[in-house]
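What follows is a single structure, written as structure tokens, with notes after it.
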Amino acid sequence: MALIKKLNGKTPSIGNDCFLTETATIIGYVEIGNNCNIWF
């Protein structure tokens, strides 16, 4: 699973049915919609 981290009190929001690679890093105020792919 991807690295998902809080930054400055903000946590990423990940939609339903998303694919995140093991090497992906999601940090801070990020909103990812449904049915998305994150590869890096």
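Numbering (my numbering), first residue to last: 11 to 50. C-beta: ideal position from N, C-alpha, C; glycine also.
Which residues share a DSSP beta bridge with residue i?
| i | result |
| --- | --- |
| Thr35 | Leu13 |
Leaving out five residues on either side along the sequence, give the residues of the same chain with a beta carbon under 7 Å from the beta carbon of residue i.
| i | result |
| --- | --- |
| Ile35 | The sequence as given places Thr at residue 35; Ile does not occur at that position. Ala12, Leu13. |
| Thr33 | Phe50 |
| Tyr39 | Lys20 |
Between the Cα of residue i and the Cα atoms of the options, which residue gives the shortest distance?
| i | options | result |
| --- | --- | --- |
| Leu17 | Asn26, Ile37, Gly25 | Ile37 |
| Thr21 | Glu41, Cys46, Glu32, Asp27 | Glu41 |
Rounded to the nearest angstrom, what separates residue i and residue j at their Cα positions?
| i | j | result |
| --- | --- | --- |
| Leu30 | Trp49 | 6 Å |
| Lys15 | Ser23 | 11 Å |
| Gly19 | Gly43 | 20 Å |
Since residue i contacts residue j with CB under 8 Å, what's their CB separation in whole angstroms?
| i | j | result |
| --- | --- | --- |
| Asn45 | Asp27 | 5 Å |
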